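Participant: Below is one structure. I have some questions about it.
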Amino acid sequence: MNLARALDLLGIFVFALSGASLAARKGFDAVGLVVLALATGLGGGIIRDVLVGIRPPTALAEQAYLLVPVAAALVVLVAHDRVLRLERPVLVFDAAGLGLFAVSGAVIAVDQGLGWAASVFLGTTTAVGGGIVRDVLAREVPVVLRADSTLYAVPAALGAALTVAAVETDLYGPVAATAIAGAVFLVRVLALRFGWRAPTAR
Amino acid sequence: MNLARALDLLGIFVFALSGASLAARKGFDAVGLVVLALATGLGGGIIRDVLVGIRPPTALAEQAYLLVPVAAALVVLVAHDRVLRLERPVLVFDAAGLGLFAVSGAVIAVDQGLGWAASVFLGTTTAVGGGIVRDVLAREVPVVLRADSTLYAVPAALGAALTVAAVETDLYGPVAATAIAGAVFLVRVLALRFGWRAPTAR
Amino acid sequence: MNLARALDLLGIFVFALSGASLAARKGFDAVGLVVLALATGLGGGIIRDVLVGIRPPTALAEQAYLLVPVAAALVVLVAHDRVLRLERPVLVFDAAGLGLFAVSGAVIAVDQGLGWAASVFLGTTTAVGGGIVRDVLAREVPVVLRADSTLYAVPAALGAALTVAAVETDLYGPVAATAIAGAVFLVRVLALRFGWRAPTAR
């Protein structure tokens, strides 16, 4: 397993933790924890793969992808209190996942021959799609829609756009990918720290 | 850009306006407006393309499709009050989009070799799917399900059925397409005007 | 039409009854009944087919699949009271559908070359996916997530796992399929009878 795959699975694990934690807070049972962990961890990537036509989706083609969210659900099931106390670390890991998925989603879209708008769209969708599925299943207003949420989709979209620009200008590589994912991570963490929000309609 | 494409994008723009307007009424932020505009404008067509196997979906293959909903969201963001005052015109345009999408969705399904039931289903889904996704994301009961909603899916389904019949009898062409879309539009507008509703279970 | 197809359509009919019944209880109109019947009866199979790459999905390729849920919606529309009195029989048929879909979904996944984890996932998704879509559209917390629901996804997942094991060991055939579907059915009915529930997070 190479580094990119390891980082991908780490991002899935953290997203799945957020799904299972929400399930626990809502009082769902163990099945609910597993379902929300799977939906949150894999939802964005599955939507991306279905839309660009990768079949079966990577999440189904490689066994580890399904096992990681189940493991995250088990962690929350047996150690819910400790995971709750880790809310801040989880948010930080989630920000890392956001950056990784925005970059990797955009690159996969460009590789499949899609234009820049579609690639930015798919990078962003990969990063935020799982969270939207999680919130819809848990009957919450999706966090990305809410006016009281700090910037989340915006750094993901910026990161996806930078990734597309880097690919188009032949600057894309491990260094660019790391720098862009790091920038997304930083903007997201700063948005959390300083309460940066998107504007609302007048 | 031919006429069919221009009408398609006009329909997407109007559907996107309805999505962004709902987002504004619910107090979502700018990201919420863009997400609901994209989901409402493109949702029906993307579901259709994924189901019939067109990949990538037209909405991703052609850049204009993604930009039109973003433009609609920006319009609502900067001129929400004026768009609200335009509610009646938006409903009329929405009725036009309903007719156009029911016809074009059914034709695409027939062209892909699907049977009549599947083609009627897909024409209807193209027309009403975006609105369903919009309502699910905004945590509303989908308008098409509600007993207090005026006829919406019914004219779309009738239009899709007429379209399939026209294709099967070799009568389909610009004249038939316009007539059917016009009939869907008319039934929808009359349903709005006179409060026509579907029956409920006894 | 062979036996497997007849059982598949019977399962779809029963799932569709549960969707249309929920629509009637929520006070939706006839369109709402049809939409929820289609979503519940066909949702799981369509998700499975989209994920494994069967296109168009069987539900669209074969006309009967779309007509059966519409028929179920009509039954509920004209005889809602009588269907409500049949709640227990419907739950029993639903348990039968759960077993059939878990087995058939897992087999289709294995046939498409997916690994065991993905095949168990897809068998379970085929069985419980339609109910999740039904609940999301009706703005209910999906039954499978809730702590007060009796075991539903668990017997489906066990049945899918047994199916994969049977295929891998060359034991799969009409006898094994019937036995496994019957075991899922039995566990589900016993869970209903004795109130078996999944554990919740500590």
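First to last, the protein sequences are chains A, B and C.
If you count by my numbering, then the first sequence holds residues 171 to 372, one letter each, in order.
If you count by my numbering, then the second sequence holds residues 171 to 372, one letter each, in order.
If you count by my numbering, then the third sequence holds residues 171 to 372, one letter each, in order.
Where a beta carbon is used, it is the ideal one built from N, C-alpha and C, also for glycine.
These numbers were taken from a predicted model, which means no experiment stands behind them.
(1) Determine the direct distance from the alpha carbon of Ala265(A) to that of Gly211(B), and round the result to whole angstroms.
(2) Is it the case that the Cβ atoms of Thr333(A) and Ala276(A) are separated by a distance below 9 Å?
(3) Between the C-alpha atoms of Ala209(A) and Leu244(C), what's the straight-line distance to the nearest angstrom?
(4) In the DSSP assignment, find the alpha helix (DSSP H) that holds Gly343(C) and state where it starts and stops.
(5) To the nearest angstrom, report how far apart Leu179(A) and Val238(A) are at their CA atoms.
(6) Report back the beta-carbon spacing between Val280(B) and Ser289(B) to the nearest angstrom; my notes put them in contact at under 8 Å.
(7) Pair every Cβ in the stretch 345 to 356 of chain C with every Cβ in the stretch 241 to 256 of chain A, then say whether three or more of these pairs are closer than 8 Å.
(8) What are the boundary residues of the alpha helix (DSSP H) that includes Gln233(A)?
(9) Using the C-alpha atoms, what's the distance from Leu254(A) back to Leu282(C)?
(10) Taking C-beta to C-beta, are Gly267(A) and Ile350(A) nearer than 9 Å?
(11) Mind checking the stretch 315 to 344 of chain B against chain C and listing, in chain order, the residues whose C-beta falls within less than 9 Å of any C-beta there?
(12) Would you mind sorting Val248(B) into buried or exposed? The rule is 16 or more other CB atoms within 10 Å of its CB.
(13) Just mark Asp199(B) as buried or exposed, buried being the case when its beta carbon has 16 or more other beta carbons within 10 Å.
(14) Is the Cβ-Cβ distance between Ile278(B) and Arg218(B) less than 9 Å?
(15) Pull up the distance between the alpha-carbon of Phe263(A) and that of Ala176(A), whole angstroms please.
(16) According to the neighbour-count rule (16 or more other Cβ atoms, all chains shown, within 10 Å of its Cβ), is Thr294(C) buried or exposed?
(17) Taking Cβ-Cβ distances below 7 Å as the criterion, which residues of the stretch 216 to 232 of chain A are in contact with chain B?
(18) Distance, Cα to Cα, Asp318(B) vs Val345(C)?
(19) Using a beta-carbon distance below 9 Å, is Gly365(C) in contact with chain D?
(20) Out of curiosity, what's the CA-to-CA distance linking Gly285(B) and Leu221(B)?
(21) What residue range is occupied by the uninterrupted alpha helix (DSSP H) comprising Ile224(B)?
(22) Return the Cβ separation of Val201(A) and Val324(C) in integer angstroms, given the expectation that the two are a contact with Cβ distance under 8 Å.
(23) Suppose the cutoff is 8 Å on Cβ atoms and the five residues either side in sequence are ignored; what does the same chain contact list for Lys196(C) look like?
(24) With 16 other CB atoms within 10 Å as the buried threshold, where does Asp305(C) fall?
(25) Mind checking who Arg367(A) pairs with in its DSSP beta bridge?
(26) Does the CB of Glu257(B) have a neighbour CB from chain C at under 9 Å?
(27) Going along chain C in order, which residues have a C-beta closer than 7 Å to the C-beta of Phe198(A)?
(28) Kindly indicate if chain A contains any beta-carbon less than 9 Å away from that of Arg309(B).
(29) Could you tell me if Arg258(B) is buried or exposed, where buried requires 16 or more neighbouring beta carbons within 10 angstroms of its beta carbon?
(30) With distances taken Cα to Cα, identify the nearest neighbour of Pro369(A) among Ile182(B), Ala368(B), Ala193(B) and Pro226(B).
(31) Scan the stretch 268 to 341 of chain C and note each continuous alpha helix (DSSP H) run of 4 residues or more that stays entirely inside, going in chain order.
(32) Roughly how many angstroms lie between the CA atoms of Ser183(A) and Ala331(A), to the nearest whole one?
(33) Which residues, in chain order, does the stretch 276 to 288 of chain B contribute to contact with chain C at a C-beta distance below 9 Å?
(34) Given that a residue counts as buried once 16 or more other Cβ atoms are within 10 Å of its Cβ, and exposed if not, what is Thr320(B)?
(35) Between Gly365(C) and Val359(C), what straight-line distance do the alpha-carbon atoms span, to the nearest angstrom?
(36) Under the assumption that Gly223(C) contacts Arg367(A) (Cβ atoms under 8 Å), give the Cβ distance between them as a whole number of angstroms.
Facilitator: Taking the geometry as given:
(1) 29 Å
(2) yes
(3) 33 Å
(4) No alpha helix (DSSP H) holds Gly343(C); DSSP gives it neither H nor E.
(5) 7 Å
(6) 5 Å
(7) no
(8) Gln233 to Val248
(9) First, the amino acid is wrong: residue 282(C) is Gln here, not Leu. When rounded, the distance between both Cα atoms is 40 Å.
(10) no
(11) Leu315, Arg316, Ala317, Asp318, Ser319, Leu321, Tyr322, Ala323, Val324 and Ala327
(12) exposed
(13) buried
(14) yes
(15) 14 Å
(16) buried
(17) Val220, Leu221, Val222 and Gly223
(18) 50 Å
(19) Included in the structure are the protein chains A, B and C, with no chain D among them.
(20) 14 Å
(21) That residue, Ile224(B), is in no alpha helix (DSSP H); it is neither H nor E in DSSP.
(22) 6 Å
(23) Gly202 and Ala308
(24) buried
(25) Thr320(A)
(26) no
(27) Leu315, Arg316 and Ala317
(28) yes
(29) exposed
(30) Ala193(B)
(31) 286 to 307 and 323 to 338
(32) Correcting the residue identity first, residue 183(A) is Phe in this sequence and not Ser. Taking the straight line from one Cα to the other gives about 25 Å.
(33) Ala279, Gln282, Gly283, Leu284, Gly285, Trp286, Ala287 and Ala288
(34) buried
(35) 10 Å
(36) Rounded, the Cβ-Cβ distance is 40 Å, inconsistent with contact.
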